[in-house]
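If you read the protein sequences in the order shown, they are chains C and S. Just so we're aligned: the first sequence equals residues 309 to 491 in my numbering. Just so we're aligned: the second sequence equals residues 309 to 491 in my numbering. Heads up, the thing below is written out as structure tokens.
Number of protein chains: 2
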Amino acid sequence: MPRKPEILKVTPVADSRLFHVEALDLRFSNGEERQFERLATRGHGAVMVVALDEDNNVQLIREYAAGLHDYILTLPKGLIDPGETALEAANRELQEEVGFGARELVLLKNISAAPNYMGHSINVILARDLYPSVLPGDEPEPLERVTWAFDDIEQLVTRDDFAEGRAIAGLFLARLYLQQNPG
Amino acid sequence: MPRKPEILKVTPVADSRLFHVEALDLRFSNGEERQFERLATRGHGAVMVVALDEDNNVQLIREYAAGLHDYILTLPKGLIDPGETALEAANRELQEEVGFGARELVLLKNISAAPNYMGHSINVILARDLYPSVLPGDEPEPLERVTWAFDDIEQLVTRDDFAEGRAIAGLFLARLYLQQNPG
Numbered sequence: 309m310p311r312k313p314e315i316l317k318v319t320p321v322a323d324s325r326l327f328h329v330e331a332l333d334l335r336f337s338n339g340e341e342r343q344f345e346r347l348a349t350r351g352h353g354a355v356m357v358v359a360l361d362e363d364n365n366v367q368l369i370r371e372y373a374a375g376l377h378d379y380i381l382t383l384p385k386g387l388i389d390p391g392e393t394a395l396e397a398a399n400r401e402l403q404e405e406v407g408f409g410a411r412e413l414v415l416l417k418n419i420s421a422a423p424n425y426m427g428h429s430i431n432v433i434l435a436r437d438l439y440p441s442v443l444p445g446d447e448p449e450p451l452e453r454v455t456w457a458f459d460d461i462e463q464l465v466t467r468d469d470f471a472e473g474r475a476i477a478g479l480f481l482a483r484l485y486l487q488q489n490p491g
Numbered sequence: 309m310p311r312k313p314e315i316l317k318v319t320p321v322a323d324s325r326l327f328h329v330e331a332l333d334l335r336f337s338n339g340e341e342r343q344f345e346r347l348a349t350r351g352h353g354a355v356m357v358v359a360l361d362e363d364n365n366v367q368l369i370r371e372y373a374a375g376l377h378d379y380i381l382t383l384p385k386g387l388i389d390p391g392e393t394a395l396e397a398a399n400r401e402l403q404e405e406v407g408f409g410a411r412e413l414v415l416l417k418n419i420s421a422a423p424n425y426m427g428h429s430i431n432v433i434l435a436r437d438l439y440p441s442v443l444p445g446d447e448p449e450p451l452e453r454v455t456w457a458f459d460d461i462e463q464l465v466t467r468d469d470f471a472e473g474r475a476i477a478g479l480f481l482a483r484l485y486l487q488q489n490p491g
């Protein structure tokens, strides 16, 4: 693996309420110089939850996704609040978006969305031993809740409305964990 | 599923060479109004390639990812050029980044990265029947090529340096396709 490129300069180039674009002037170890743009990462990270109920159904939500201007089917997810651990955030989001708390929470993996130009990553968390518990969320409209048999995720991942790469990864990572940690 | 929110207004709010942020003023079907920000989508889409050689190894690259300021292990990927189909782009990227062309290319699924605030999506393409062929790329330094036994992707997806959600999804989608379309 080559030595990391040297960052010669970081320049803020565009700013909005949510997005902060910066230009990176880089010198690679072979002497080549390039300028790359990336979204600066702020905040405390994010969580995505694979929550399995006692009938082995995974809990999904259908929500409006502004990037696509369409409704999508995906896993519950959200930002980690200041002072929260990832597992605490997962349990809170689950209560806000799906109406369950979880007595068992396991961090499966921290995955990235588009690492070439974003530092954002999300903690994929497996939640089991669920109990009914509702916390108020900040959604503009109630989320539709959908359950799906976890044994049938092959059908789910071929649906056009279930196409978020991180959610597909999350389901397969959960299956892999459960295969490797049975019982 | 509720009716899609009405877009009341789209306002450009920040611009850089690569990123175009817009604000969406939305009215949800329940009357609730919100402003969301998203990255505007331009270009012709993108491709990510799961290329399997005759020994059933998947072709990986190790490249610098500016979002993380680190080297990552991932699948070959890139933007679709104007006038190219997704399969043509996959075959070109494979020749640029890995040094192989493919006689067999199958589109597995179009997946999104962060659909709540980005419209970007990537076509996951399975490539087989490879032959040596090199096209010049535009990388600042030569990419390191890594091959990995496709039967051992469980070990790969647990590595810290293989954490791009779309690449994890791509591997599992390819395995699912090959299980459903044997021989």
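All residues carry an ideal CB built from backbone N, CA and C; glycine is no exception.
Legend entry - CB of Leu395/C within 8 angstroms of CB of Leu415/C, strictly: Within the first sequence, residue 395/C is the residue found at index 87, counting from 1. Within the first sequence, residue 415/C is the residue found at index 107, counting from 1. The answer is yes: Cβ separation under 8 angstroms.
Legend entry - Chain-ordered residues of the segment 312-325 of chain S with a beta carbon less than 8 angstroms from chain C: Lys312, Pro313, Ile315, Val321, Ala322, Asp323, Ser324 and Arg325
Inset, instruction - Return the residue from the list Pro423/C, Val442/C, Phe470/C and Glu371/C that minimises the CA-CA distance to Asp348/C. - result: In the first sequence, residue 348/C corresponds to position 40, counting from 1. Asp is not the amino acid found at residue 348/C; the sequence shown has Ala there. The option with the nearest alpha carbon to Ala348/C is Pro423/C.
Legend entry - Check whether Ala354/S and Ala435/S have beta carbons under 8 angstroms apart: Indexing the second sequence from 1 puts residue 354/S at position 46. Indexing the second sequence from 1 puts residue 435/S at position 127. Not closer than 8 angstroms, so no.
Legend entry - Proximal chain C residues relative to Tyr439/S, where beta-carbon distance stays under 7 angstroms: By one-based count along the second sequence, residue 439/S stands at place 131. Result: empty, since nearest Cβ-Cβ is about 28 angstroms, beyond 7 angstroms.
Legend entry - Per-residue contacts from Asp363/S into chain C (C-beta, under 8 angstroms): What you label residue 363/S is simply residue 55 of the second sequence in a count that begins at 1. Those do not exist, as Asp363/S stays about 23 angstroms from chain C at its closest Cβ, beyond 8 angstroms.
Legend entry - C-beta atoms of Arg346/S and Gly339/C nearer than 8 angstroms: As a first step, residue 346/S must be located in the second sequence, where it is residue number 38. As a first step, residue 339/C must be located in the first sequence, where it is residue number 31. It is not a contact, given that the beta carbons lie outside the stated cut-off.
Legend entry - Span separating the alpha-carbon of Ala477/C from that of Ala477/S: For this step, residue 477/C is matched to residue 169 along the first sequence. For this step, residue 477/S is matched to residue 169 along the second sequence. The straight-line gap from Cα to Cα measures roughly 4 angstroms.
Inset, instruction - Go through the segment 352-380 of chain S residue by residue and report every complete run of the alpha helix (DSSP H) that reaches 4 residues or more, in order. - result: none
Inset, instruction - Report yes or no: is there a C-beta of chain S within less than 8 angstroms of the C-beta of Phe458/C? - result: Along the first sequence, read from residue 1 onward, the residue named residue 458/C stands at position 150. Taking 8 angstroms as the CB threshold, Phe458/C stays off the interface with chain S.
Inset, instruction - Would you mind reading off the limits of the beta strand (DSSP E) that contains Asn431/C? - result: Reading the first sequence from its first residue, position 123 is the one you call residue 431/C. Per DSSP, Asn431/C belongs to the beta strand (DSSP E) from Ser429 to Pro440.
Inset, instruction - Could you list the residues in the segment 374-402 of chain S with a C-beta less than 9 angstroms from some C-beta on chain C, going in chain order? - result: Ala374, Gly375, Leu376, His377, Asp378, Tyr379, Ile380, Thr382 and Lys385
Legend entry - Members of the segment 466-477 of chain S near chain C, C-beta cut-off 7 angstroms: Here the close residues are Ala471, Glu472, Gly473, Arg474, Ile476 and Ala477.
Legend entry - Residue-chain proximity (Glu340/C, chain S), Cβ-Cβ < 8 angstroms: As a first step, residue 340/C must be located in the first sequence, where it is residue number 32. At least one chain S Cβ lies under 8 angstroms of Glu340/C.
Inset, instruction - Give the residues of chain C in contact with Gly353/S, contact being defined as C-beta atoms less than 7 angstroms apart. - result: The sequence position of residue 353/S within the second sequence is 45, counting from 1. Those do not exist, as Gly353/S stays about 13 angstroms from chain C at its closest Cβ, beyond 7 angstroms.
Inset, instruction - Measure the CB-CB distance between Val406/C and Ile461/C and report whether it falls below 8 angstroms. - result: The sequence position of residue 406/C within the first sequence is 98, counting from 1. The sequence position of residue 461/C within the first sequence is 153, counting from 1. The answer is no: Cβ separation not under 8 angstroms.
Inset, instruction - Compare the C-beta of Leu368/C with all C-beta atoms of chain S and state if any pair is closer than 8 angstroms. - result: By 1-based counting over the first sequence, the position of residue 368/C is 60. Leu368/C does not count as touching chain S.
Legend entry - Segment limits, beta strand (DSSP E) that includes Val454/C: For the purposes of this step, residue 454/C is taken as residue 146 along the first sequence, with counting starting at 1. Run containing Val454/C: Glu452 to Ala457, per the beta strand (DSSP E) assignment.
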